[in-house]
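Below is one structure; the comments refer to it alone.
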Amino acid sequence: MSLIRKSNSTSSQIPSQLIGSLSRGLRAAVPTMDRRAFLKRSGIGVGAGIAATQLNMLQKANAADPKTAMLDGKGKIEVKRTVCSHCSVGCSFDATVENGVWVRQDPVFESPINMGGACAKGAALREHGHGDYRLRTPMKLVDGKYQKISWDQALDEISAKMKELRSKYTPDSIFFIGSSKYNNEQAYLLRKFVSFYGTNNTDHQARICHSTTVAGVANTWGYGAMTNSYNDMMNSKAALYIGSNAAEAHPVSMLHLLHAKENGCKVIVVDPRYTRTAAKSDQYVRIRSGTDIPFLFGVLYHIFNNGWEDKKYINDRVFGMDDIRKEVMEKWTPANVEEACGVPEAQVKKVAETMAKSRPGTIVWCMGQTQHTIGNAMVRASCILQLALGNIGVSGGGANIFRGHDNVQGATDVGPNPDSLPGYYGLAAGSWKHYAAVWGVDYDWIKGRYAPDMMEKSGTTVSRWVDAVLEKDDMVDQATAVKGVFFWGHAPNSQTRGLDMKRAMDKLELLVVVDPYPSATAAMAAMPPAAGGAVNKNRGVYLLPTTTQFECVGSVTASNRSIQWREKVIDPLFESVPDHVLMQAFADRLGFGKELSKNFKMMDSKFAGKTWKEPEIESILREINQAVWTIGYTGQTPERLKAHMRMMSVFDPKTLRSRGGKDPVTGYDTAGDYFGLPWPCYGNAALKHPGSPNLYDTSKHVMDGGGNFRANFGVEKDGKSLLAADGSYSKGADIKTGYPEVDHVMLKKLGWWNELTEDEKKAAEGKNWKTDLSGGIIRVTMKNHGCHPFGNAKARAVVWNFPDAIPIHREALYSTRPDMVAKYPTHDDVKTFWRMPTLFKTVQDKNTADKLHEKFPIILTSGRLVEYEGGGEETRSNPWLAELQQENFVEINPSAASRRGIKNWDFVWVKSPTGAKIKVRALVTERVGPDTAFVPFHFSGWWEGKDLLDFYPKGAYPVVRGEAVNTATTYGYDRVTMMQETKTTICEIEKVA
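Residue numbering for the sequence shown follows the numbering used here, beginning at 1 and increasing consecutively.
Here you go:
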């Protein structure tokens, strides 16, 4: 449902050529249709998003009538099961395809995840496959205009430039921005590709959405992921949403929350903005943006003060809670909490009492908590609250961390991360040797691909690629600054500091965009530089059309860690080529194609009128199954995943457990499995581990999806044990106390070694459970003895390897509160951090000295709309969604608007301390307080008031264009992960003269 509807024409109105295509699509169903009728039929008039009737209107537009088709023997009707390519909920859809044309879609009612539900974006999936505004052919920027070129020319020229940069500088001179839109297999393949190219300079969207979550959560209890599931929220008695607007960002997840509400669940929403999720809450708490820690520790103050904490749980399963208690009780008194975050004591105490007396309770957070310079600490504060209440490892509890893109979880797990190999194996020699064995290549060969001393050094992050280009060569921790960038399925407008990004694009020698849609990169690269700027004369800019996920097969991991298999719905359209096929094509030209695909079945496939070498997706997944023991991506074989998709109806929507049923195609019995085999699904397929619905749950046997906290941080700290207390263990475990992770030595000491087969002994000798390719250590430990291979430890409330061992509130670099800056200053600057200097105190001190809070007195934050997703290029190119929200806007409080002479729907300038300004509509509303403004982040295609239509390739541009909020956002990065600061910056708003 849209926030705003537009009825009068404006500069961003749907162009005449689109009206033509719309009318052609509707003509078969409706002879004539005016705007009112269109709104009514599409569901917009009743605020229902896209109605099923609209989809039915489309379904016969370009396909033969099914009755005729079947009678004449020439027709072919198929139903393909796919998964929505937008948010991370994992909604399934059945796509009806007639004669190769996708003509209808239906949400899958037997899916335990979406149960027949769909949001506006999901209901419009068909248009993403058959979209008119896709990039159709390879293109090259020539004299400021994009020109069509052949695939051979594009691949040859780009490969030649890559070789030139590699030879002239080093492999680190190119940065590869991967995608959270890849399927798991493509994400994995890109990390393998860049490893063989010889660089760790690769990253993807997770860096700027949940990297602080992964770091914070993994360092607290072991795995950096959502602990429970959307479905399990039906068992919650309380749900605390903090920095999450699920009603718009993850609409179908609200099905499960509303079911919980029917059972008495108390819903609390904490947010600077009154959101649509807040409208469903029992308690709404407005905090000052960026003050999550004062609020959460304020809640803990009342929990400790009233003795509401779970003392036994803390004693048995938590390390360092006494240090937290001391910090909270001394520093976060009700007065200090109210001063910092603006929430009165009575309201904070009410939240604490609700959470304490309504257990189990869950906590939900998203980018409202992660995208801060102290995002890692905010995440850990949420974890600590749940540990104090004993809510982790229980059904109805947990940390339900809703991810953004459809496969951002999977891409993080097995994809292009700059600081790890797939499965969070680090960059140490042991990890590389593990993968060398999996890949069947020599370790020294891989090492030789890297510049000296760079193989084990974390690469650049996507949040800082701009600085990796703009910094002087001697200021970056590699041979030279970055000279070339691949945008391989990534939107630049989702990143901060737009003005600097444009300067960086102009400076590059090579810029390659690989995407079904041209993305804002295309227009930004083509537009003239700012006054005084210049474009590198040697720069080459290329656009390569890849397929959508509906034009290939593969697996995708939802936020709850369930993995689903997508069938191919349609053949690749236009001259688009699947991502994994392009990776192989580049590898062949760069000289390591045989090594890349050594373990894969290869196929000769036709795309864009020519034959390409295509690695079989199933083969790539089998290699993942053979490699990623750390997080249990080993049991989800293609056969098991495909069976789950066919047998959805046997899985319980509350528990995700199969009630039993054999797949008619393979005969595989799903009995006991959890839907999608949520990782960790340990061992090989023969072990038949069912997956893990709720992490760290000691009430279940480890072979039933149970577990405990991971022993990943040693066995002792400062003389205190880090292992679980005696008597704290998973159900049925032979070891009834804490123990470290299992390796070949421990297996021998326990007397379990001879339970391995002779072949397993050979493979396991000298290895631990993460590097034993036979899986024997895992099999014996779990199946024979009911123990967890990663040990049994306490969660860490104190993370001593982070800059702030105990979460500390630190004011944003750009703050409207100099008094709070003085009291809660930021970190000191860091000389070298992820390959480059990173400023903290220098920036904050200068901002305070310059009194920027007087010139820019409004806190600027950003977030999602239900109609659009991510950078928005794909969804804003969908005419059905484009109709719903046609212009970008800023929410401004009535009192702030009145003082500035701003009326509702005026054009206004949102001005930034960077010197940037964006032109948007004013939405005057009390959703935001007088000190805060909100701008959605899905827009691009305007630049400081000017429409960039002329700079897109002809025919390949978003229907709706608007200003990107990140043109105006400021400098600031998380001290641990390089997460960008987008939720707490500052601005001034002025009416356009």
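Cβ coordinates follow ideal geometry from the N, Cα and C atoms, glycine included.
Legend entry - Ranges of the beta strand (DSSP E) found wholly within the stretch 735 to 818, counting only runs of at least 3: none
Inset, instruction - Note down, in chain order, each residue of its chain lying with its Cβ closer than 7 Å to the Cβ of T984, except the 5 sequence neighbours on either side. - result: S289, G290, H372, A812, I859, T861
Inset, instruction - Determine which residues share a DSSP beta bridge with R81 and list them. - result: D94
Legend entry - Rounded separation between D506 and G591 - CA only: 29 Å
Legend entry - Alpha-carbon to alpha-carbon, R286 and Q105: 40 Å
Inset, instruction - Excluding the 5 residues preceding and the 5 following Y739 in the sequence, name in chain order all residues of the same chain whose CB lies nearer than 6 Å to its CB. - result: So the list reads G791, N792, once near-sequence residues are dropped.
Legend entry - Helix, strand or coil at K331 [DSSP, three-state]: helix
Legend entry - Sub-8 Å separation of I570 and G962 beta-carbons: no
Inset, instruction - Please say whether G375 and D974 have beta carbons closer to each other than 8 Å? - result: Yes, the pair counts as a contact, with Cβ atoms nearer than the cut-off.
Legend entry - Residue of K761, R796, G766 minimising C-alpha distance to R779: K761
Legend entry - Euclidean distance between Cα positions of T637 and G661: 18 Å
Inset, instruction - Compute the distance between the beta-carbons of P360 and N400, then report whether it is under 8 Å. - result: no
Inset, instruction - Output the residue ranges of the alpha helix (DSSP H) runs that lie fully inside the stretch 612 to 671 and measure 4 residues or longer, sorted by chain position. - result: 617 to 627, 638 to 646
Inset, instruction - Look at N708 and A724 and say whether their C-beta atoms are less than 8 Å apart. - result: yes
Legend entry - Contacting residues, own chain, Cβ-Cβ under 8 Å from D442 (five flanking each side not counted): A436
Inset, instruction - Could you tell me the distance, in whole angstroms, from the CA atom of T925 to the CA atom of E891? - result: 6 Å
Legend entry - Contacting residues, own chain, Cβ-Cβ under 8 Å from K911 (five flanking each side not counted): Excluding residues up to 5 positions away in sequence, F856, K917, A968, C987, E988, I989, E990 lie with their Cβ nearer than 8 Å to the Cβ of K911 in the same chain.
Legend entry - Local Cβ density within 10 Å of R273, reported as buried at 16 or more and exposed below that: buried
Legend entry - Under the three-state DSSP convention, the category T220 falls into: The answer is helix: DSSP assigns T220 an H, G or I state.
Legend entry - Beta-carbon spacing of N694, N228 below 8 Å: Going by C-beta atoms, N694 is nearer than 8 Å to N228.
Inset, instruction - Using three-state DSSP, classify V438 as helix, strand or coil. - result: helix
Inset, instruction - List the endpoints of the continuous alpha helix (DSSP H) containing G498. - result: 498 to 507
Inset, instruction - Determine the DSSP secondary structure at R921, reduced to helix, strand or coil. - result: Look at R921 here: in three-state DSSP terms it is strand.
Inset, instruction - State buried or exposed for S555, treating a residue as buried only when at least 16 other CB atoms are found within 10 Å of its CB. - result: buried
Legend entry - H938 in three-state terms, based on DSSP: coil
Inset, instruction - Using three-state DSSP, classify P171 as helix, strand or coil. - result: helix
Inset, instruction - Closer than 8 Å by C-beta to D906: which residues in its own chain qualify, once you throw out the five before and the five after it? Chain order, please. - result: R921, A922, K991, V992
Inset, instruction - Using three-state DSSP, classify F840 as helix, strand or coil. - result: coil
Legend entry - L544: first and last residue of the uninterrupted beta strand (DSSP E) it sits in: Where L544 is concerned, the enclosing beta strand (DSSP E) stretches over 540 to 544.
Legend entry - Straight-line Cα distance separating I620 from S692: 23 Å
Inset, instruction - Quick one: using the 10 Å Cβ neighbour count with 16 as the cut-off for buried, is Q59 buried or exposed? - result: For Q59, the predicted structure reports a pLDDT of 39, less than 50, and the residue's modelled location is therefore unreliable. A value from the coordinates is still provided. Q59 is buried by the Cβ-count criterion.
Inset, instruction - Take T632 and list the residues in its own chain whose beta-carbon comes closer than 6 Å to its own, dropping the five residues that flank it on each side. - result: The displayed chain sequence assigns Gly, not Thr, to residue 632. Here the set comprises W679, P680, C681, Y682.
Legend entry - Rounded C-alpha distance that separates M583 from N99: 30 Å
Inset, instruction - Return the bridge partner residues of F486 from the DSSP annotation. - result: F176, V512
Legend entry - Residue from P529, Q495, R317 whose Cα sits closest to the Cα of A964: Q495
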